[in-house]
């Protein structure tokens, strides 16, 4: 099975982030503009957490808080669970499933090098299974 670094080669290493002291409203606007479900929360180059649409729904909307008055740091998940570039895709799937999360920052040393989502992982597993089925069909028919 492929590793995270192979997924990043295909999808790119764009990192969308926000500062911990930014208002939640700004984070939601950034997510909508970029069509993503989560942003990394960064203090300079350092990863301090992750904020998702789910955090917004549960910690702002359902609690009647103000999106403009609440800081990202008040609702972010911290510390963020991370994986390395050499992590196996199945290990990432297991981590997402067991932890009930949808986004994994990819960290090499102290640097964030990308983000993968559960969608990226599912696509990779489906592609790998399709390739395996094709190989088995060729083996059977030859």
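Numbering (the UniProt record's numbering), first residue to last: 1 to 142.
Here a beta-carbon is modelled for each residue, glycine too, at the ideal position from N, C-alpha and C.
Beta-carbon separation (whole angstroms), residue i vs residue j, contact threshold 8 Å
{"i": "residue 76", "j": "residue 20", "result": "7 Å"}
{"i": "residue 15", "j": "residue 27", "result": "About 14 Å; that fails the 8 Å criterion."}
{"i": "residue 117", "j": "residue 100", "result": "Their Cβ separation, rounded to whole angstroms, is 14 Å, which puts residue 117 and residue 100 out of contact at 8 Å."}
Beta-carbon gap between residue i and residue j smaller than 9 Å
{"i": "residue 48", "j": "residue 39", "result": "no"}
{"i": "residue 42", "j": "residue 112", "result": "yes"}
{"i": "residue 35", "j": "residue 88", "result": "no"}
{"i": "residue 72", "j": "residue 66", "result": "no"}
{"i": "residue 79", "j": "residue 108", "result": "no"}
{"i": "residue 124", "j": "residue 7", "result": "yes"}
Minimum C-alpha distance to residue i - residue among the options
{"i": "residue 83", "options": "96, 54, 124, 105", "result": "105"}
{"i": "residue 97", "options": "55, 121, 79", "result": "121"}
Endpoints, the beta strand (DSSP E) within which residue i is located
{"i": "residue 126", "result": "Where residue 126 is concerned, there is no enclosing beta strand (DSSP E), although the alpha helix (DSSP H) it sits in stretches over 118–141."}
{"i": "residue 35", "result": "Taken as a continuous stretch (DSSP letters only), residue 35 belongs to no beta strand (DSSP E), as it is neither H nor E."}
{"i": "residue 44", "result": "Segment: none, residue 44 is in no beta strand (DSSP E) and carries neither H nor E."}
Could I get the ranges of all uninterrupted beta strand (DSSP E) runs contained in the region 64–123, with 3 residues as the minimum, in chain order? At a cut-off of 3 residues, the continuous stretches assigned as beta strand (DSSP E) that sit fully inside the region 64–123 are 103–108, 111–117.
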